[in-house]
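Per the working numbering, the sequence shown starts with residue 154, numbered consecutively.
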Amino acid sequence: MRPKPDCGKYLVTVGYRRFLAAKNAGLEEIPCKVAENLGGKDVEAMIWSIRENVQREPLSDQEIAEVVARIYSLENDVETREEKVHEVSKKLGLPREKVQRYLSLFEEMPKEKTRRILSMFKE
Numbered sequence: 154m155r156p157k158p159d160c161g162k163y164l165v166t167v168g169y170r171r172f173l174a175a176k177n178a179g180l181e182e183i184p185c186k187v188a189e190n191l192g193g194k195d196v197e198a199m200i201w202s203i204r205e206n207v208q209r210e211p212l213s214d215q216e217i218a219e220v221v222a223r224i225y226s227l228e229n230d231v232e233t234r235e236e237k238v239h240e241v242s243k244k245l246g247l248p249r250e251k252v253q254r255y256l257s258l259f260e261e262m263p264k265e266k267t268r269r270i271l272s273m274f275k276e
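Laid out in structure tokens, this is it:
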């Protein structure tokens with residue numbers, strides 16, 4: 154969970170299926186961890202969610218390429234492609250070579266699709 158900015162409520166970041174199962178079971182309280190340090194940072198929340206989804210079910214290379222490209226497009230703290238690849242590699246726990254391969258795969262996708270995917274995650 155992470156705090157929802159400016160309203161005193163919380164967002165489920167990881168474990169949404171467990172949350173729904175507990176709710177459907179009639180539980181009024183559900184033990185959880187609150188990630189205060191995420192605040193409104195959607196990139197970090199997305200990375201947590203991606204890690205959970207990858208562990209639960211395998212994603213296709215194309216789906217992973219889309220994820221890598223989304224995170225790469227949001228890496229604005231560094232200048233060069235090499236630095237961005239390094240940052241994405243650290244965040245996702247993937248070797249740099251795999252990040253490069255997924256970015257190349259993403260760049261081979263139809264431009265209309267890649268523009269739509271990236272536009273959904275611009276800050």
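Glycine is no exception: its CB is placed at the ideal position from the N, C-alpha and C atoms. Fair warning: this is a prediction, and the values are worked out from it, not measured in the lab.
In the structure shown, the three-state DSSP call for Leu247 is coil. Taking C-beta separations shorter than 7 Å and ignoring five residues to either side along the sequence, the partners of Phe172 in its chain run Val165, Ile183, following chain order. In the structure shown, Leu212 falls within a coil segment according to DSSP collapsed to helix, strand and coil. Check the Cα spacing between Ile224 and each of Leu245, Arg170, Ala178: the tightest is with Leu245. As far as DSSP is concerned, Tyr169 takes part in no beta bridge. Nearest Cα to Leu227 within the set Glu240, Ile217, Gln215, Glu216: Glu240. Taking C-alpha positions only, Arg249 is separated from Val221 by approximately 11 Å.
The Cβ-Cβ distance between Met154 and Ala188 falls below 8 Å. Look at Leu180 here: in three-state DSSP terms it is coil, with no helix or strand label. If you compare the alpha carbons of Lys237, Val238, Ala218 with that of Glu260, the shortest gap goes to Ala218. Ranking Asp159, Glu216, Lys176, Cys160 by CA distance to the CA of Met262 puts Glu216 first.
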